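In my numbering, the protein residues as written are 1 to 180.
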């Protein structure tokens, strides 16, 4: 299973977050387990997402969230998915445009905004598989870059909960499923 080419979407991001967890389970089982993790299954991350994206339901899976407004699926395949959003991510309002797909994402150029890509995928390893998630953020202009920098000072410290909450949960579920 090849990893998605995130450089094709945002080659030089100002912010990059990447997490990886290995599992003793087949890649397909890990992808299935990861696809079933709900926001409510996580403590801090689920609350942070609902705080940052008002109207997001805790009962939806992360995969469902990445496929619905304000996100748009940019590309996907067996064992991987890439979603994106654009806008003013530093506001508490849902200040995100509705994008009609990958072309709209690539063409996005509104002043004082950013483009964000979320890649999620599984990789085969010697002992089973690994779940990888990477987020990238690029500002459209200097104003967006300054606002992004200020936002990251506040929310950047919470970035580690991505690797601490949903990924280990998906790994545990996949390993439990593989032993049945």
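Every residue gets a Cβ at the ideal spot worked out from N, C-alpha and C, and that includes glycine.
All figures in this text were calculated on a predicted structure; none of them were measured in a lab.
The segment 33–117 is shown to contain whole beta strand (DSSP E) runs of 3 or more residues at 72–77, 80–87, in chain order. In the DSSP assignment, residue 178 falls within the unbroken alpha helix (DSSP H) covering 166–179. In this structure, residue 88 lies near residue 113, with their beta-carbon atoms less than 9 Å apart. Between residue 81 and residue 46, the C-beta gap is not smaller than 9 Å, which leaves the two residues out of contact.
Residue 23 places its beta carbon less than 9 Å from that of residue 131. In the DSSP assignment, no residue is bridged to residue 155. Looking at 75, 53, 42, the one whose alpha-carbon comes closest to that of residue 92 is 53. Note on residue 72: 16 or more other CB atoms within 10 angstroms of its CB, so buried under the neighbour-count rule. Around the beta carbon of residue 70, 16 or more other beta carbons sit within 10 angstroms, so the residue counts as buried. Bounds of the beta strand (DSSP E) holding residue 131 are 128–139. With at least 16 other beta carbons inside 10 angstroms of its own, residue 30 counts as buried. Under the DSSP assignment, residue 18 falls in the beta strand (DSSP E) whose first and last residues are 15–23. Assigned with DSSP and collapsed to three states, residue 31 falls in helix. Cβ neighbours of residue 85 within its own chain (closer than 6 Å, five residues either side excluded): 70, 71, 96, 116. For the 9 Å CB-CB criterion, residue 122 and residue 79 form a contact. A direct Cα-Cα distance of roughly 8 Å separates residue 39 from residue 57. Scanning its chain for C-beta atoms nearer than 6 Å, with the 5 sequence neighbours on each side dropped, one finds around residue 135 the residues 17, 118, in chain order.
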